[in-house]
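For reference, the structure is listed below as structure tokens.
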Amino acid sequence: MSHPVVRARQDVDATDDESVTAMVSDDQLHDGFEAERPRLQRIAGRILGDADAAQDVVQQAWLRLHATDEPIDNLAGWLTTVTSRLCLDRLRARTPVPTESIEVEETAPDPADDVVLADTVGIALQVVLDRLTPVERVSFVLHDSFGVDFELIASMLDTTPVAARKLASRARAKVRPASPEDALADWEVVDAFMTAAREGDFTRLLQLLAPDVTVSADAAAAALGTPAHMEGRAEVARFFNGAAAAAFPVFVEDRPGSAWIHRGEVKVAFDFVIEDGRVRRLQFRAEPDVLAGVRRREGAATRG
1 MSHPVVRARQ DVDATDDESV TAMVSDDQLH DGFEAERPRL QRIAGRILGD
51 ADAAQDVVQQ AWLRLHATDE PIDNLAGWLT TVTSRLCLDR LRARTPVPTE
101 SIEVEETAPD PADDVVLADT VGIALQVVLD RLTPVERVSF VLHDSFGVDF
151 ELIASMLDTT PVAARKLASR ARAKVRPASP EDALADWEVV DAFMTAAREG
201 DFTRLLQLLA PDVTVSADAA AAALGTPAHM EGRAEVARFF NGAAAAAFPV
251 FVEDRPGSAW IHRGEVKVAF DFVIEDGRVR RLQFRAEPDV LAGVRRREGA
301 ATRG
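According to UniProt numbering, the sequence shown is numbered sequentially starting from 1.
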């Protein structure tokens with residue numbers, strides 16, 4: 001999509017024609033900014049993890065746009081650059097800040113070989129974004145969440161496209177879950193998940209959930225008040241965070257699972273499907289024939 005060349009501010013002489021021209025330009029500039037505002041708000045919110053700070057940054061970007069005398073041939077790109085640099089300044093001003101370096105070893109993995117995680121960023125990933133340095137965070141979020149090319153990111157960070165690419169890769173390595181070869185056994189995943197739920201360890205819950213995880217319930221479980229459907233790492237982690245105090249390790253149809261047991265009676269079974277060391281699907285089950293086959297098992301805490 002092409003963008004018209006606009007000038008943020010024009011000097012107005014005494015003639016009426018020139019005054020009208022300046023007014024039209026200002027209106028176009030304002031309309032162009034307002035069209036970009038929601039996207040800028042998302043960018044700033046994702047980078048900073050703070051909605052109020054994001055609003056402040058976007059307002060600063062507007063003030064800079066209104067003050068500049070330079071012609072702008074790509075308003076969206078100009079606003080993205082200014083907003084991102086303002087976010088970077090804020091990240092660098094925070095304390096404590098992780099040690100950062102714009103120099104990236106050429107041996108770092110190429111992000112072309114990495115799985116893009118940004119489709120699942122949202123609220124959930126804000127929990128782990130704080131592990132990143134400011135330059136890693138900006139590069140990762142802009143590229144993986146918003147599709148900004150590394151050439152533009154490099155200009156924002158005063159570095160090269162290759163270095164910007166490596167920064168995003170390094171960030172990705174810090175926030176992604178363990179690779180399949182490092183995956184836990186199924187029973188270990190189930191027990192680690194339930195432990196994280198009880199202890200309110202939100203970050204660990206995120207690590208143990210697949211990005212496209214789904215939760216469902218059979219009719220009997222839904223009648224007891226369990227959610228009928230949930231999907232996505234963020235929603236599922238929020239539901240389980242701090243919950244499951246009355247859940248115990250069991251086998252559900254010979255699969256490692258968990259169950260809500262009240263006064264010695266199994267009320268609801270948690271039937272897990274584990275793939276590559278993460279929870280891919282979970283079903284709440286309370287049909288009588290299912291509960292009748294539930295057997296207690298030794299949990300991780302009792303395995304020495």
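Virtual Cβ for every residue (Gly too), placed ideally from N, Cα, C.
Residue i: first and last residue of the uninterrupted beta strand (DSSP E) it sits in
| i | result |
| --- | --- |
| PRO252 | Reading off the sequence shown, one finds Val at residue 252, where the question assumed Pro. Counting along the chain, the beta strand (DSSP E) containing VAL252 begins and ends at 247 to 252. |
| residue 306 | Any property of residue 306 remains undetermined from this structure, which presents the chain solely from 1 to 304. |
| PRO227 | Note, PRO227: premise wrong, no beta strand (DSSP E); not H, not E. |
| GLU265 | 265 to 275 |
| ALA259 | 255 to 262 |
Cβ neighbours of residue i in the same chain (closer than 7 Å, five flanking residues each side left out)
| i | result |
| --- | --- |
| GLN60 | LEU86 |
| ALA164 | SER139, PHE150, ILE153, ALA154, LEU157 |
| PHE270 | ALA247, GLY257, SER258, ALA259, LEU282, PHE284 |
| VAL279 | VAL189, PHE193, LEU208, LEU209, ALA210, VAL213, PHE272 |
| VAL58 | ARG37, LEU40, GLN41, ALA44, THR83 |
| ALA220 | ALA286, GLU287 |
| TRP62 | PHE33 |
| LEU291 | VAL266, ALA269 |
Cβ separation of residue i and residue j, assumed to be a contact under 8 Å, to the nearest whole Å
| i | j | result |
| --- | --- | --- |
| GLY77 | LEU152 | 7 Å |
| VAL138 | LEU88 | 5 Å |
| residue 310 | ALA237 | With the chain covering 1 to 304 only, the question about residue 310 has no answer from this structure. |
| HIS143 | ALA168 | 5 Å |
| GLU253 | GLY293 | 6 Å |
| residue 373 | GLU136 | Any answer about residue 373 is impossible in this case: the structure gives the chain only from 1 up to 304. |
| ARG297 | PHE239 | No, ARG297 and PHE239 are not in contact; Cβ-Cβ is about 24 Å, not under 8 Å. |
| THR195 | VAL148 | Their Cβ separation, rounded to whole angstroms, is 39 Å, which puts THR195 and VAL148 out of contact at 8 Å. |
Contact set for residue i: own chain, Cβ-Cβ below 6 Å, skip 5 residues either direction
| i | result |
| --- | --- |
| ASP186 | PRO256, ILE274 |
| ARG64 | VAL82 |
| GLY200 | ASN241, GLY242 |
| GLU231 | THR214 |
| ALA197 | PHE240, ALA243, ALA244 |
| ILE261 | PHE248 |
| HIS229 | SER216 |
| ARG92 | PRO134 |
| ASP218 | ARG285, GLU287 |
| ALA51 | GLY45 |
| ASP130 | none |
Extent of the continuous alpha helix (DSSP H) to which residue i belongs
| i | result |
| --- | --- |
| VAL141 | Note, VAL141: premise wrong, no alpha helix (DSSP H); not H, not E. |
| VAL57 | 51 to 67 |
| GLU287 | Taken as a continuous stretch (DSSP letters only), GLU287 belongs to no alpha helix (DSSP H), as it is neither H nor E. |
| VAL294 | Premise fails: VAL294 is in no alpha helix (DSSP H) and is neither H nor E. |
| LEU86 | 75 to 93 |
| LEU235 | Correcting the residue type first, residue 235 is Glu in the shown sequence and not Leu. That run of the alpha helix (DSSP H) goes 233 to 240. |
is_contact[residue i, chain D] using C-beta, thresh 7 Å
| i | result |
| --- | --- |
| ASP158 | Of the chains in the structure shown, none is chain D; there is only one protein chain. |
Cutoff 8 Å; reference residue i; Cβ partners in own chain excluding five residues on either side
| i | result |
| --- | --- |
| LEU132 | PRO98, PHE140, ALA171, LYS174, VAL175 |
| ARG90 | LEU48, ALA53, VAL57 |
| GLU235 | none |
Check: residue i C-beta below 6 Å from any heavy atom of the ligand MN
| i | result |
| --- | --- |
| ASP26 | This structure does not include the ligand MN; it has no bound ligands of any sort. |
Would you check if the segment 214 to 230 and the segment 143 to 161 touch, i.e. whether three or more CB-CB distances between them fall below 8 Å? Verdict: no, contact absent.
My parser needs the alpha helix (DSSP H) runs of 4 or more residues fully inside the segment 147 to 201; what are they? As far as the segment 147 to 201 is concerned, its whole alpha helix (DSSP H) runs of at least 4 residues are 150 to 157, 161 to 175, 186 to 199.
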